[in-house]
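Comments concern the structure below.
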Amino acid sequence: MKTIVFATDFSANANQAARFAAQLANSWETELVLLNAYHLWPDNPAKTGNFPLSQEAMRDNSQKALNQLASSLAKEGFGNVPIRSIAKEGHTKEAINAVTKAEQADLLIMSTVGTAPQSAQLMGSTATDMVTETNVPLLLVPPTIKDATISNLVLGINLEVPPNALALDTALQFARGFNSVVNILCINDKPKDPIILSRAEQLRRIVSDLPHTMTIEYGRTIYDTMLTFVHANKADLIIMFPQEHYWFEELFAEGDTQRMARLTDVPLLAVV
């Protein structure tokens with residue numbers, strides 16, 4: 001782990017997530033790159049109610065806010081963390097992916113919502129959209145989370161379509177980095193199927209070097225089953241594999257605001 005990219009819209013919730021990112025960077029002794037993506041011409045100027053500034057003015061405003069955030073983090077005890085900032089012109093998702101690729105980032109961190117309704121609509125939607133579009137592992141941080149200490153995580157595995165070996169290895173590397181207990185949750189409508197049990201046993205052997213538990217839970221409603229398990233186990237983090245789970249999109253269905261809000265009371269790491 002060498003580089004963490006934190007994408008921000010400078011909302012209060014994003015600033016809170018920046019502290020979470022700085023804690024991780026400090027703990028893992030990695031570089032932290034603060035990123036703000038700005039777009040010169042709004043897709044719908046009438047809707048935003050703002051007249052676009054010049055490209056130079058927008059870049060300067062973005063860079064100034066990034067510098068202020070970096071200075072604030074340094075004053076709050078993260079002065080030892082190597083921090084750089086990037087103001088990137090472009091549509092948010094495309095700009096974020098371009099920067100994570102150029103920086104060879106190991107992790108992207110985003111806040112799930114902003115404070116103002118407009119900000120919440122923009123960044124909340126962007127963060128959830130990024131789950132299926134990110135080219136690096138993405139950690140979504142809810143606004144209520146202040147501490148980056150992770151000691152008890154839930155790893156969601158779909159035994160019908162197990163994750164590829166590389167993605168699973170990446171997830172386990174994160175678990176080791178957190179020095180966390182791994183609670184593996186496999187949700188299936190046929191939990192006693194011999195094939196499912198065999199795959200579960202193979203998975204148990206793979207994680208044998210980690211402190212872990214394994215649960216094969218009957219369930220058809222993935223969201224409710226997982227959240228119940230997460231809360232019952234007082235988990236600090238959820239890890240999932242969006243590109244491998246045919247049901248993962250259910251969690252982030254367009255317009256499913258209530259589910260999204262309920263889900264993100266626990267940080268979510270999407271491993272790609």
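Position 69, counted from 1, in the sequence shown is what full-length UniProt numbering calls 69; the numbers after and before it change by one each time, with no gaps.
Glycine included, each C-beta is placed from N, C-alpha and C at the ideal position.
Three-state secondary structure assigned by DSSP to Glu201: helix
When Asp209, Asn188, Pro211 are compared against Ala200, the one with the closest alpha-carbon: Asn188
Contact check, Ala87 vs Gln104, beta carbons under 8 Å: no
Rounded straight-line distance, which links the Cα of Ala98 to that of Ala165: 26 Å
Closest Cα partner of Glu31 within the set Thr100, Asn13, Val154: Thr100
Assigned exposure category for Ile96 - 16 Cβ within 10 Å defines buried: buried
Residue burial classification, Arg205 (beta-carbon count within 10 angstroms, cutoff 16): exposed
Closest Cα partner of Thr8 within the set Thr213, Leu66, Ile157, Asn233: Leu66
Distance CB(Leu269)-CB(Leu237) smaller than 8 Å: yes
Beta carbon of Lys93 nearer than 8 Å to that of Asp129: yes
Exposure label - Ile184; buried when at least 16 CB within 10 Å: buried
Inter-residue spacing [alpha-carbon to alpha-carbon] between Glu217 and Ala74: 45 Å
Distance CB(Val141)-CB(Phe20) smaller than 8 Å: yes
Range of the contiguous beta strand (DSSP E) that encloses Lys88: 83-89
Delimiting residues of the beta strand (DSSP E) encompassing His39: Unbroken run through His39: none, as it is neither H nor E.
Pairwise C-alpha distance: Asp209 and Phe229: 23 Å
Candidates Met110, His91, Gly177, Asn152: closest to Asn26 by CA position: Gly177
Which of helix, strand or coil DSSP assigns to Phe6: strand
Uninterrupted beta strand (DSSP E) stretches inside the stretch 160-235 (no shorter than 3 residues): 181-188, 212-218
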